[in-house]
Structures are given as C-alpha cells and as structure tokens.
Amino acid sequence: MRISNKNLLSTAKGVTNMAYLETQGVEDAHRVKLVPSYLGMQKLSKDLVGQKTCACDRCVGDPGVSQWFDEHFDQDILPLWTKANMKLDPDVYNWWVMLQPQFKPHNLKDVLSKLFLIVPGENPYSSWNRSRCRRCAVVGNSGNLHQSHYGADINSHDFIMRMNQAPTIGFETDVGSRTTHHFMYPESAKNLPANISFVLVPFKTLDLLWITSALSMGEIRFTYAPVKQFLRVDKDKVNVYGFGADSRGNWHHYWENNRYAGEFRKTGVHDADFEAKLINSLAEAGKIRVFRGN
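What the sequence shown shows, in this note's numbering, is residues 357 to 650, in sequence order.
Following this line, the structure appears as structure tokens:
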C-alpha cells in the first residue's frame, strides 16, 4: 500500500508470447517482481470516487471513508516502474537515493534501460473488476505470532505476502503454510519454490544492477505473466498479521527466543514507534484490519 510517497517497478509471472524469457524451464522458474520500499496502489479513476471499489465488506480503495487517508494518499504517484515511467520526479528520486546513500550512485536511466532489456517493462495491472473481492494477508515476522493460531486464517487469503526470512515449516499453526509473494532485499535473497513470486525491494541502484546481473547470468530463473491483482487501492481487503511487539512488549521474531528483543527498537533499521503509529492509523481509517497476536 502506498501512503503519499514514491514509486518503482514490478514484474510478474509468465506471458506465453514471451518464451524467450523462459530459458531455464517453467518447472524450475519462479516469478520476479521489483518494487520500491513501499507497496504502490493504482490510481483511482475520477468516476469511481464515491463508489465502492470492490465486493468486499471493507475495501482498501474506497475514497471518502477517511479524511486522513484521502489527504495522505497521493494518486499522482504511479505504482510501477515501467518503460513508459522510468524517470522519477526529482523529489522522489532524492528521497529514494537517500534511503541508503551511495558514494557515487549509478545513472538510474542507464541502469533501468539495461534492466528492461531483460525484464518486460509493461504495466501488468490494467484489469478492473469491482464485482470481485480479493483478500490479502500481509504477514510480518513479529513474535506476537507465536501461539496465535492464525495459520488457517492466513492460508484462506487469496494473496499472502511475507518478507525476509519468514519461515513457515514448523510454524504452520501460527503463520500458515501458503505464500504467494515473498519480499526480499539482495542481502536477504534466498531460493523460493516455483509457485512463489520473488519480490525484490531495491533501496539503491546497486540493487537494480544486482537483479540485472542475476537474471542475465541465470542465477535467478523466472517466467513472466500479468498478475491480475497485487496490493492495490482498486480492490483489496487487507489484513495484517505479525507486526509490532508481543503482549509482553517484546520486539522479536516468531522463530526466535531472543532475550535482547527490545534492542530491535534501538538499531535504527526500523522506526518501530512510527511504524506502529502508521499501522494504527490505517486500521482506524478502516483501510486494514490488524491482528495483534499473542
């Protein structure tokens, strides 16, 4: 989901008329997506304002539900990096490169031009069906998932998004066993089953060079096809699991027994308090439902 800022790129799994991308075989392939460090939402058409955007009882894209949300959601920032949308506005570009400052950033246009020789740069999210309800579970890694017994509920969603390590084997009762999209950085990238979309979150141009090299050298194998739904403002019902502290105030991962759990908030990697405030604001605005766990 995007609240006000920034955009990047997404690609997905396999179009039949793009067989030249399937050099490693479909049976060994998995989907590859590249997105910015936030989840974009598709711009709403003006004629949809005031109308329900999906068939769910709660639609994340419905305008006019929350003044706070409508004021913070910027419809003019496109959700994808595509061939037609390679150039970022200066303020967006400056925000992005400062996430992880580099001594000498590579020329973004050159990097993307090389990437789009390998990754199709068309926008795969062009469908619109307000009569359908697609449920999305965004599953974090908080220790509050331990003994939560959310597994079956998480598995029932149409889309299940996880990030970084996010092990499921041995934790199925609490975190579920299904995954449709797995978000990772180059530093945390790992092999995934062929039916899971690998979503690269690039913080710097070097990350885009990495995925270009990996795809060129065959280190990452993938196919391409339009995925009709992602986490977009046009029609998803979003449920959030596994974020924030557990009931005892500890910040740790559900697969760890970390005696120094509270140190997480002091690392500077995450602004835990701000993240919690933003999640609470989205929940209060009726855009997401948060499951607090154990």
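For glycine and all other residues, C-beta sits at the position ideal for the given N, C-alpha and C.
Being a predicted model, the structure only gives us computed values, none of them experimental.
Item                                                                                                                : Value
C-beta contact flag for residue 593 and residue 410 at 9 Å                                                          : yes
For residue 518, the residue or residues it bridges with in DSSP                                                    : 538
Start-to-end residues for the alpha helix (DSSP H) that takes in residue 572                                        : 561-573
Nearest-angstrom Cβ-Cβ length linking residue 504 and residue 649, presumed shorter than 8 Å                        : 4 Å
For residue 519 and residue 536, believed in contact at Cβ under 8 Å, the rounded distance                          : Their Cβ separation, rounded to whole angstroms, is 13 Å, which puts residue 536 and residue 519 out of contact at 8 Å.
Among 455, 469, 460 and 429, nearest to residue 443 - alpha-carbon criterion                                        : 469
Cβ distance (whole Å) where residue 610 is taken to contact residue 514 below 8 Å                                   : Their Cβ separation, rounded to whole angstroms, is 23 Å, which puts residue 610 and residue 514 out of contact at 8 Å.
Status (buried if at least 16 other CB within 10 Å, exposed otherwise) for residue 558                              : buried
Beta-carbon proximity check, residue 438 vs residue 477, cutoff 9 Å                                                 : yes
Continuous alpha helix (DSSP H) stretch holding residue 425: start and end                                          : 423-428
Cutoff 6 Å; reference residue 501; Cβ partners in own chain excluding five residues on either side                  : 530, 531, 598, 610 and 649
For residue 527, three-class secondary structure by DSSP                                                            : coil
Cα-Cα separation between residue 426 and residue 636, rounded to whole angstroms                                    : 16 Å
Candidates 407, 412, 416 and 408, of which the one nearest residue 639 by Cα                                        : 416
Collapsed DSSP secondary structure at residue 655 in the structure displayed                                        : Any question about residue 655 goes unanswered here, given that the chain covers just 357 to 650.
For residue 472 and residue 572, the rounded distance between their alpha carbons                                   : 12 Å
Beta carbon of residue 499 nearer than 9 Å to that of residue 607                                                   : yes
Classification of residue 569 by the beta-carbon crowding that lies within 10 angstroms, buried from 16 upward      : exposed
CA-to-CA distance, residue 561 to residue 474, given in whole angstroms                                             : 16 Å
Sequence-distant residues of the same chain with beta carbon closer than 6 Å to residue 541, five excluded per side : 557
Residue range of the alpha helix (DSSP H) that includes residue 632                                                 : 628-640
DSSP state of residue 592 mapped onto helix, strand, coil                                                           : strand
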